[in-house]
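Q:
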Amino acid sequence: MHDIVIRDGRIVDGTGAPASHGDVAIDGDRIVQVGGKAGPGRREVNADGRIVTPGWVDVHTHYDGQATWDPVLAPSSWHGATTIVFGNCGVGFAPVRRQHHKALIDLMEGVEDIPGITLSEGLKWDWESFPDYLDALARLPRTIDVAAQLAHHPLRVYVMGERAIARELATAEDIEAMARLAEEALKAGAVGFTTSRTDQHKTLDGDLVPGRYAEHEELLAIGRAMGRAGRGAFGMLSDFEDEAAEFGWMRQVAKDSGRPVWFLLTDRSYDPERWRRLMNGVRAARADNLPLSAQVAGRPVGLTLGLGTSLNPFALREAFAATAKLPPAEMLARLRDPEMRRTILAQDASPRLLEVLPPLSRQIATRWDRMYLLGDPPDYEPPPESSIAAMAERAGVSPAEFCYDYLVGADGGRMVYFPVTNYVHGDLEVVRELIEDPHTLLGLSDGGAHCGVICDASLNTTMLCHWVRDRTRGPRLPLEYVVKAQTSETADFFGFRDRGRLQPGLKADVNVIDFDGLRLHAPQMIFDLPAGGRRLVQHVDGYDMTICSGTPIFEKGAETGARPGTLVRSSDG
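Numbering follows the working numbering, with no gaps: position 498 of the sequence shown is 481.
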């Protein structure tokens, strides 16, 4: 008798093969049968009218701190993720010396908008080295599997101290130490290394991150260390000011290390042809047999803006900023005062406040044509006629007036949506081309990050709802293709060979999904992080069951309380 039999489902096995109907049987933590009629099970799950898929393998999250105290890691786990990878964008918490705890917290808060008060309260810091950090992760019982990458910025601070924070160049001795520690981390189980070279990433004070201008030799040395370890993927985010130079050193890392190399790629409004040039660079590398890929998002990287979020269109005006620290009810009352309204609307964005923001986020002050009301369910491909600029014109008021009155209306909890990247042409056709490109990897859910302004951890669900079922403004994508993109493709890229497919002998990570009933809700702000820290979360209907390692962890959206999740080390894949 099997432990679990999932009966009569539409099986989408993660390989890209056509869906088929039949049973999936599980014994212990392994799949033992896929298709056909399985024998009896101790637990029988009726999947008639449902799709059965592997659990999602989400390779771009920022739960580096939260994973040390929170076993559930929602909202990613609510949305069918059974394996997540963090340590992205060069930020993390290991290795670390005691005197730099606050610096790394400030860095994470500035770059990823994770409340510093929450990190100060939640982090136990029962580690110094990266292997120690992995051991700390392994000690916590958890709902889903986690994997960690070594992040460049804490590594640099650990080796160079204040010189790294001041963005000084590394000496030969510094580079040797970083390479040695990178090799140690990979051999201990890190699944990759990441860095960032972008002005988008700043500390709370507006300073650039420690590795922003690291010389190529520093990165090449770490790449060679990865080659010696024979493990992990090398990832980075760059502004690509000098595209030839960036591709030059990335190609060299790929050549020297033999390891997969990836960079984040989004479509940006200031340079609409940028994505094509960068993809041409990827294709040129592939033609030379170099393992270079672009990691892409499946929807716009969009800001959720309201009175209670980290940003809103008026937060850059001095008069509004003066109300930001008031209790919510008092703040709302002040904003509804006619004189305060006139004062705020008469102001422009403050250069002082603009300077602290990353360059792309500054557009929220002026681009009303790219701002939309956030519905329930949210529309992540809204048409131009639903922009605030268009709605204001129809109402006969200015966009600023329209947006202000909308945000302070009702209970003050309304929000608007601003696609920062991946929405240059007002639709998702570029995103579709990127998703379909054979040299891209689906990612950038950013689960656990940007707690006060972005909620993209629902990306896996969006891929099914929008791209497979609901899209009306262009071609849709096949179900089998989308499932493969967020299961076997992401698992294989990071060397997780035991998951990502529904096949006998592989790990029993499974989703049973009511595809027709799958529905995203609007993001909402909650205050459940340590020290009352806030975060945007997004609920979902339609996941009948999520199974990790053969154990149901969610049923009809409710957590079962089971803790089958583990730390996935690079040597395990």
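Note that CB positions come from ideal geometry on N, CA and C, so glycine has one too.
Because the structure is a prediction, the values reported are computed rather than measured.
1) How many Å lie between valine 55 and proline 321 at the Cα?
2) If you drop the 5 nearest sequence neighbours on each side, which residues of the same chain put their C-beta closer than 7 Å to that of glutamine 330?
3) So what's threonine 326 in DSSP terms, helix, strand or just coil?
4) Would you mind working out which of Pro37, Asp12, Arg(-7) and Tyr355 sits nearest lysine 20, comparing C-alpha positions?
5) Using only the alpha-carbon positions, how far apart do isoleucine 437 and leucine 286 sit?
6) So, for histidine 184: in the same chain, excluding its five sequence neighbours on each side, which residues have a beta-carbon less than 6 Å away from its beta-carbon?
7) Excluding the 5 residues flanking glycine 540 on each side, which residues of the same chain have their C-beta closer than 6 Å to its C-beta?
8) Mind pulling the alpha helix (DSSP H) runs of 4 or more residues that sit fully within the stretch 219 to 269?
9) Where does glutamate 201 land, buried or exposed, given buried means 16+ other C-beta within 10 angstroms?
10) If you check the beta carbons only, do phenylalanine 69 and tyrosine 46 fall under 8 Å apart?
11) What did DSSP end up calling asparagine 405 once you bin it into helix, strand or coil?
12) Under three-state DSSP, which class holds aspartate 555?
13) Give me the Cβ distance between phenylalanine 217 and valine 244, rounded to the nearest whole Å; I'm assuming they're in contact under 8 Å.
14) So within the stretch 304 to 348, which uninterrupted alpha helix (DSSP H) runs reach at least 4 residues, ignoring any that extend past its ends?
15) Output the distance between the C-alpha atoms of proline 334 and threonine 66, rounded to the nearest integer angstrom.
16) I need the straight-line Cα distance from glycine 48 to glycine 281, nearest angstrom please.
17) Under 8 Å between the Cβ atoms of leucine 501 and valine 493?
18) According to DSSP, is proline 535 part of a helix, a strand, or is it coil?
19) How many angstroms separate the CA atom of glutamine 521 from the CA atom of threonine 445?
20) Would you check if the distance between the CB atom of aspartate -9 and the CB atom of aspartate 6 is smaller than 8 Å?
21) Check each candidate in Leu152, Thr326, Glu412 and Met219 and name the one with the smallest Cα separation from tyrosine 363.
22) If contact is defined by three or more beta carbon pairs under 8 Å, each pair taking one atom from either stretch, is the stretch 283 to 297 in contact with the stretch 392 to 411?
23) Does the beta-carbon of methionine 143 have 16 or more other beta-carbons within 10 angstroms, so that it is buried, or is it exposed?
24) What residue from Val279, Ile(-13), Val(-12) and Gly(-1) has the CA that sits closest to alanine 483's CA?
25) Taking leucine 248 as the reference, give the member of Leu417, Ala304, Ala474 and Asp394 with the closest Cα.
26) When you compare the stretch 260 to 272 with the stretch 229 to 243, are there three or more beta-carbon pairs, one atom per stretch, that lie closer than 8 Å?
27) Taking its Cβ as the centre, do 16 or more other Cβ atoms sit within 10 Å of tyrosine 253, making it buried, or is it exposed?
28) My assumption, with CB atoms under 8 Å, is that leucine 138 sits in contact with proline 78. Please give the rounded CB distance.
29) Within a Cβ cutoff of 7 Å, which residues of the same chain sit near alanine 372, ignoring the five residues on either side of it in sequence?
30) Please confirm if the stretch 148 to 162 is in contact with the stretch 201 to 213, defined as three or more CB-CB distances below 8 Å between the two stretches.
31) Taking the alpha carbon of alanine 432 as the reference point, which residue from Leu102, Val40, Asn29 and Ala30 has its own alpha carbon closest?
32) By how many angstroms is the C-alpha of leucine 133 removed from the C-alpha of glycine 73?
33) If you draw a straight line from the C-alpha of proline 296 to the C-alpha of tyrosine 387, how long is it?
34) What is the rounded straight-line gap between the Cα of glycine 172 and the Cα of alanine 307?
35) Our contact map puts alanine 505 next to glycine 358 with C-beta atoms below 8 Å; I'd like the distance itself, whole angstroms only.
36) Taking the C-alpha atoms as reference points, what is the distance between glycine 38 and phenylalanine 476?
A: Taking the definition as stated:
1) 45 Å
2) Arg300, Glu301 and Ala302
3) Secondary structure at threonine 326: helix, using DSSP grouped into helix, strand and coil.
4) Arg(-7)
5) If you take the alpha carbons of isoleucine 437 and leucine 286, they lie about 5 Å apart.
6) Val94 and Val192
7) The answer is none, since no qualifying residue turns up.
8) Runs found: 226 to 240.
9) The residue in question, glutamate 201, is buried, as its Cβ has 16 or more Cβ neighbours within 10 Å.
10) yes
11) In the structure shown, asparagine 405 adopts coil according to DSSP, grouped into three states.
12) Because the pLDDT at aspartate 555 is just 45, under 50, the model does not fix this residue reliably, and the point stays unresolved.
13) 5 Å
14) 311 to 319, 321 to 329 and 334 to 339
15) 42 Å
16) In this structure, the straight-line span from the alpha carbon of glycine 48 to that of glycine 281 is close to 25 Å.
17) no
18) strand
19) 11 Å
20) yes
21) Glu412
22) A contact exists between the stretch 392 to 411 and the stretch 283 to 297.
23) buried
24) The identity of residue 483 in the sequence shown is glycine, whereas the question assumes alanine. For glycine 483, the nearest C-alpha among the options comes from Gly(-1).
25) Leu417
26) yes
27) exposed
28) 6 Å
29) Trp351, Asp352 and Pro382
30) yes
31) Leu102
32) 8 Å
33) 9 Å
34) 43 Å
35) Sure, about 7 Å apart at Cβ, within 8 Å.
36) 16 Å
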